[in-house]
Amino acid sequence: MKKLFYILSITSVCFFSCSATNNQPDCENMICTQEFRMVQVVFKDSVGKPLNVKAFSAVNKRTGENMARNSDPSNEPSQGVYIVASDADVRKLSEKGDVIQVSASHPVTNKNVISEFVVTGGICACHINKISGPSEIVL
Numbered sequence: 096m097k098k099l100f101y102i103l104s105i106t107s108v109c110f111f112s113c114s115a116t117n118n119q120p121d122c123e124n125m126i127c128t129q130e131f132r133m134v135q136v137v138f139k140d141s142v143g144k145p146l147n148v149k150a151f152s153a154v155n156k157r158t159g160e161n162m163a164r165n166s167d168p169s170n171e172p173s174q175g176v177y178i179v180a181s182d183a184d185v186r187k188l189s190e191k192g193d194v195i196q197v198s199a200s201h202p203v204t205n206k207n208v209i210s211e212f213v214v215t216g217g218i219c220a221c222h223i224n225k226i227s228g229p230s231e232i233v234l
């Protein structure tokens with residue numbers, strides 16, 4: 096009987112001491128501001144005038160996802176300004192930073208340009224953050 100008691104005691108201690116591993120981060124206590132951040136780039140021609148480009152794309156090199164939301168220049172509030180990433184993408188970006196490859200073509204000469212941006216986000220991040228990348232690209 097004592098043997099059974101010891102076996103049950105050890106089994107119950109082992110059973111209740113084990114817990115399922117939870118790999119989900121705890122983001123409940125995050126305090127975030129209400130601002131909405133965007134990483135933008137301005138395309139300009141050789142004389143410095145804003146330029147609406149053709150075939151604008153912004154691709155996350157880690158995931159292959161096209162992050163461009165504004166390939167139509169008529170959707171832009173300002174001529175030549177394009178959104179590379181925004182807080183709408185914060186959960187899709189890694190905490191270490193993702194490389195976003197931006198490409199576009201000149202509307203007349205068809206000259207193509209490629210540039211890279213590094214932007215951070217993450218599951219518990221409040222906002223995106225631009226680590227590197229140009230603010231203007233001249234075509």
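Convert by adding 95 to the 1-based position in the sequence shown; the result is the number in the numbering used here. Backbone N, C-alpha and C fix where the C-beta goes; we use that ideal spot for every residue, glycine too.
For D193, the uninterrupted beta strand (DSSP E) segment begins and ends at D193 to S200.
In this structure, G216 and I223 form a Cβ contact; the two beta carbons are roughly 5 Å apart against a cut-off of 8 Å. In the three-state reduction of the DSSP assignment, V185 falls in the helix class, which pools H, G and I. Look at the beta carbons and you see the region 194-205 touching the region 144-152: at least three pairs across the two are nearer than 8 Å.
Within the region 130-180, the runs of beta strand (DSSP E) that reach at least 3 residues and sit entirely inside it are, in chain order, 133-139 and 149-155. Assigned with DSSP and collapsed to three states, N224 falls in strand.
Membership of S210 in the beta strand (DSSP E) is indicated by the continuous run N207 to T215. Exclusion of the five residues before and after T128 leaves C221 and H222 as the residues of its chain whose Cβ lies within less than 8 Å of its Cβ. In the structure shown, V233 falls within a strand segment according to DSSP collapsed to helix, strand and coil.
Counting only the Cα atoms, D182 lies some 6 Å from R132.
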